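Peer 1: The opening position of the sequence shown corresponds to residue 145 in my numbering, with each subsequent residue numbered one higher.
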Amino acid sequence: MALTRAEINERSNEKRGIKNKAFKLNIDDIAMIKQTAIDLGLSEAKLVVEAIKFYRDNKKAS
Numbered sequence: 145m146a147l148t149r150a151e152i153n154e155r156s157n158e159k160r161g162i163k164n165k166a167f168k169l170n171i172d173d174i175a176m177i178k179q180t181a182i183d184l185g186l187s188e189a190k191l192v193v194e195a196i197k198f199y200r201d202n203k204k205a206s
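#1: L169 and T180: beta carbons closer than 8 Å?
#2: Quick check on F167: does DSSP put it in helix, strand or coil?
#3: CB-CB under 8 Å to E194, same chain, minus the five flanking residues each way: which ones, in chain order?
#4: Report the three-state DSSP secondary structure of A181 (helix, strand or coil).
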């Protein structure tokens with residue numbers, strides 16, 4: 145039986161340990177994330193993960 149594109153993508157994501165995560169954000173915040181990612185040469189996902197890690201690590205020091 146042939147798999148649908150969605151099923152293929154789901155299996156691929158599972159193999160790579162990737163899961164979708166969605167947030168409802170203010171349009172200005174989305175624009176800031178998008179522009180910052182471009183400025184730093186990062187994907188938006190990588191920027192968000194690095195920002196959270198940075199915040200976590202620096203919050204511990206406070």
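Using N, Cα and C, we set each Cβ at its ideal position, and we do this for glycine too.
Treat the numbers as computed from the prediction; the structure is a model and nothing was measured.
Peer 2: From the atom records:
#1: No. Outside cutoff.
#2: coil
#3: L186
#4: helix
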